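J.: I have a structure I would like to understand better, so I am pasting it below and will then ask my questions one at a time.
Chains as they are written, first to last, in the UniProt record's numbering: chain P, 1 to 332; chain E, 1 to 332.
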């Protein structure tokens with residue numbers, strides 16, 4: 001076991017994704033089986049009793065790696081000295097709510113949390129925003145935490161990335177661990193672009209392009225894309241609840257690969273602060289293909305972008321620009 | 001990843017414990033990170049859509065160790081070829097139900113699941129019964145699956161065991177991984193006896209008895225015991241839902257230690273078929289201290305039992321004997 005515990009903050013910890021993610025973190029799935037952790041769990045006052053129930057269960061599970069639990073409704077206490085922050089808490093869209101209302105509520109939340117993190121988190125804190133609208137919440141957080149390096153703020157599109165791997169594996173009857181290098185471009189919303197143009201499958205005769213093996217461009221350009229884009233809704237229809245299990249697992253994958261590095265020859269998708277790569281407007285949180293090494297991500301450069309992909313990438317960028325405007329209008 | 005996949009059945013898989021448990025299994029928490037698994041998920045027809053939602057999420061999580069998912073409402077399909085069976089499904093107690101009614105429903109369920117397992121599971125399948133009344137459900141299962149060796153049928157008291165470790169660690173402000181060898185005797189119910197007479201804590205000056213370090217017999221014989229016995233109710237009070245996270249984690253611990261062995265010098269608690277050890281009536285499923293090696297559990301013998309403990313051991317045995325009689329009366 002490593003010496004020093006890593007402090008991990010989970011906001012919205014009394015909710016469903018929180019309940020799924022905290023045992024994963026406590027079992028070493030996020031940072032490895034030798035890395036002790038201290039969990040900081042934050043939620044709002046109405047959820048305080050429930051949050052305490054989660055803390056009680058974490059004690060009851062006698063996790064060897066879990067060296068402490070701070071369960072609180074106080075954002076300062078929650079953010080104190082944290083090395084990793086997984087922001088699940090946010091205002092969910094309710095029936096009858098306008099997009100602007102949801103945006104407005106979340107902009108306030110992420111503005112306040114930005115301050116607390118900036119003032120109290122440990123230096124080098126890595127932030128993952130999960131709560132929707134994830135990309136724009138991450139942007140607000142960045143704007144109001146200027147001393148947190150922009151490269152340390154990300155949003156989750158690993159769930160979409162994993163969903164895309166899953167769909168290809170099902171289509172090809174291949175094992176999912178043999179499929180790699182799909183890309184999720186853009187917004188974690190229905191305009192995301194799941195792109196398989198550079199994806200491959202490990203077969204007994206080496207790595208083959210997905211497009212070649214699937215051999216059905218029509219499916220790849222239509223149903224595959226819409227299935228991945230709308231998978232969240234499909235899960236809700238089946239379970240009557242949203243995809244906590246797979247979201248929590250994807251969040252662990254996102255952090256693990258960021259901290260411990262991506263495997264050789266493999267990239268993953270992360271929502272990161274755009275630097276203008278691939279003609280995407282700088283200053284948005286946009287999902288790109290990235291490699292990770294020594295705790296840093298870097299955008300995979302030089303991938304060919306065909307016309308079909310270009311249009312999709314631009315459409316999702318456009319949506320993010322509109323969301324950014326909407327968010328800023330809420331701040332006035 | 002050269003090992004052959006192990007087939008793990010989870011019944012009641014569309015429920016809350018199932019939802020916490022399946023990602024743990026798929027991540028290698030139960031059998032180790034180099035052991036591929038195939039999940040068999042069973043639930044009743046009203047839960048078929050939700051069950052399919054769980055399967056979809058397992059596909060979406062792109063777990064490298066998960067080599068397949070069979071999600072079904074057909075007990076035969078579910079049981080076919082399984083090496084490990086975790087029986088989470090059962091009839092929950094509802095408001096106004098008499099104990100006899102709950103018992104009667106569960107006796108029917110476990111009688112028919114026993115047949116299916118006996119006929120279709122792999123040879124030497126290991127069974128863990130979680131659904132309450134766990135000990136008696138396990139007994140019924142054993143009675144109606146005579147070709148499953150009795151040593152292969154167990155029930156979960158590891159949750160209570162872990163809760164006891166947690167309470168001692170909190171009381172002494174020590175890390176839970178430094179506390180060991182508590183014992184849960186008897187029934188997974190409010191008559192269970194959490195016994196620390198042989199428990200120790202690793203300190204800088206070696207292993208010390210818990211009784212000595214706590215130095216508060218009144219607490220150890222009073223509040224400590226009732227806290228552990230009633231912890232389930234305390235979790236429900238706080239969360240408004242029962243303890244899925246810690247139950248799932250404990251089920252993984254139970255199977256892992258059974259299959260991979262307990263650490264040197266450490267025992268755990270498991271509900272197992274009594275052979276008359278410690279003057280507990282034979283022919284009950286009763287929780288004992290056990291060590292595990294080469295895939296088999298063995299009751300720890302020769303522990304001294306004081307007068308106080310003797311009474312507690314007997315009370316919980318008495319309750320199990322009554323439950324057995326009640327269960328048999330439901331069969332007539």
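The C-beta atom is built at its ideal place from N, Cα and C for all residues, glycine as well.
These figures come from a predicted structure and were not determined experimentally.
Go through its chain and collect everything with a Cβ distance to residue 69(E)'s Cβ below 6 angstroms, but skip five positions before and after it.
T.: 39, 55, 58.
J.: I'd like to know if the region 139-153 of chain P and the region 101-120 of chain P are in contact, where contact means that at least 3 CB-CB pairs between them fall below 8 angstroms.
T.: Touching, yes, given that three or more Cβ pairs across the two stretches are closer than 8 angstroms.
J.: Which chain P residues are close to residue 170(E), counting only those with a beta carbon under 7 angstroms from its beta carbon?
T.: Going along chain P in sequence order, the residues near residue 170(E) (Cβ under 7 angstroms) are 59.
J.: What's the gap between the Cα of residue 192(P) and the Cα of residue 20(E)?
T.: Their Cα atoms are separated by approximately 29 angstroms.
J.: Between which two residues does the beta strand (DSSP E) carrying residue 270(E) extend?
T.: Counting along the chain, the beta strand (DSSP E) containing residue 270(E) begins and ends at 268-273.
J.: Determine the burial state of residue 241(E): buried for a count of at least 16 other Cβ atoms within 10 Å of its Cβ, exposed for fewer.
T.: Result: exposed.
J.: Check whether the Cβ atoms of residue 114(E) and residue 145(E) sit closer than 8 angstroms, and answer yes or no.
T.: Yes, the Cβ-Cβ distance between residue 114(E) and residue 145(E) is below 8 angstroms.
J.: Which word fits residue 89(P), buried or exposed, when buried means at least 16 other C-beta atoms lie within 10 angstroms of its C-beta?
T.: Residue 89(P) comes out buried.
J.: List the endpoints of the continuous beta strand (DSSP E) containing residue 214(P).
T.: Note, residue 214(P): premise wrong, no beta strand (DSSP E); alpha helix (DSSP H) at 210-214.
J.: Are the Cβ atoms of residue 297(P) and residue 258(P) separated by less than 8 angstroms?
T.: It is a contact, given that the beta carbons lie within the stated cut-off.
J.: Of the choices 134(P), 183(P), 46(P), whose alpha-carbon is the least far from that of residue 93(P)?
T.: Considering only alpha carbons, the answer is 134(P).
J.: How would you call residue 56(P), buried or exposed, if buried means at least 16 neighbouring beta carbons within 10 angstroms?
T.: Flag for residue 56(P) reads buried.
J.: So, does the region 102-110 of chain E touch the region 246-259 of chain E, judging by three or more C-beta pairs under 8 angstroms?
T.: The region 102-110 of chain E, when compared against the region 246-259 of chain E, does not touch it at the 8 angstroms Cβ threshold.
J.: In three-state terms, what does DSSP make of residue 269(P)?
T.: It is a strand residue.
J.: How would you write the range of the alpha helix (DSSP H) that residue 195(E) sits in, first residue to last?
T.: Residue 195(E) -> not in any alpha helix (DSSP H); beta strand (DSSP E) instead, spanning 193-195.
J.: Can you name the start and end residues of the beta strand (DSSP E) that residue 73(P) belongs to?
T.: It is not in any beta strand (DSSP E) - residue 73(P) carries neither H nor E in the DSSP assignment.
J.: If I measure Cβ to Cβ from residue 228(E) and keep anything under 7 angstroms in the same chain, skipping five residues before and after, which residues do I get?
T.: The answer, listed in chain order, is 160, 163, 164, 167, 194.
J.: Give me the DSSP bridge partner(s) of residue 195(P).
T.: Paired residues: 183(P).
J.: Per DSSP, what kind of secondary structure is residue 58(P) in: helix, strand or coil?
T.: DSSP places residue 58(P) in helix when its eight states are reduced to three.
J.: May I ask you to report which of helix, strand or coil DSSP gives residue 301(P)?
T.: Reduced to three states, the DSSP call for residue 301(P) is coil.
J.: What does residue 166(P) reach in chain E if we use C-beta pairs closer than 8 angstroms?
T.: Those are 59, 60, 61, 62, listed as they occur along chain E.
J.: Any beta carbon of chain E sitting closer than 8 angstroms to that of residue 270(P)?
T.: Taking Cβ atoms only, chain E never reaches closer than 8 angstroms to residue 270(P), which makes this a no.
J.: Since residue 168(P) contacts residue 199(P) with CB under 8 angstroms, what's their CB separation in whole angstroms?
T.: That pair is a contact at about 7 angstroms.
J.: Consult DSSP for residue 163(P) and reduce its assignment to one of helix, strand or coil.
T.: In the structure shown, residue 163(P) sits in a helix (DSSP, three-state: H, G or I).
J.: Quick check on residue 271(E): buried or exposed, where buried means 16 or more other Cβ atoms within 10 Å of its Cβ?
T.: Buried is the call here.
J.: Answer with buried or exposed for residue 32(E), where buried requires no fewer than 16 other C-beta atoms within 10 angstroms of its C-beta.
T.: Exposed, by the Cβ-count rule.
J.: Ends of the alpha helix (DSSP H) at residue 24(P)?
T.: First-last of the alpha helix (DSSP H) with residue 24(P): 16-26.
J.: Does the Cβ-Cβ distance between residue 190(E) and residue 230(E) come in under 8 angstroms?
T.: Taking 8 angstroms as the Cβ cut-off, residue 190(E) and residue 230(E) qualify as a contacting pair.
J.: Pop quiz: residue 248(P) and residue 128(P) are said to be a contact at Cβ under 8 angstroms. What is the actual Cβ separation, rounded to whole angstroms?
T.: Between residue 128(P) and residue 248(P) the Cβ distance is about 12 angstroms, and since that is not below 8 angstroms, they are no contact.
J.: What distance in whole Å lies between the Cβ atoms of residue 62(E) and residue 333(P), which are believed to be in contact at a cut-off of 8 angstroms?
T.: The question about residue 333(P) has no answer, for chain P in this structure spans 1 to 332.
J.: Could you confirm whether any beta carbon from chain P is found closer than 8 angstroms to the beta carbon of residue 103(E)?
T.: False, the Cβ-Cβ gap to chain P never drops below 8 angstroms.
J.: Spatial neighbours of residue 147(E) within its chain, please: CB distance less than 6 angstroms, with the 5 preceding and 5 following residues excluded, ordered by chain position.
T.: Excluding sequence neighbours, residue 147(E) sits near 118.
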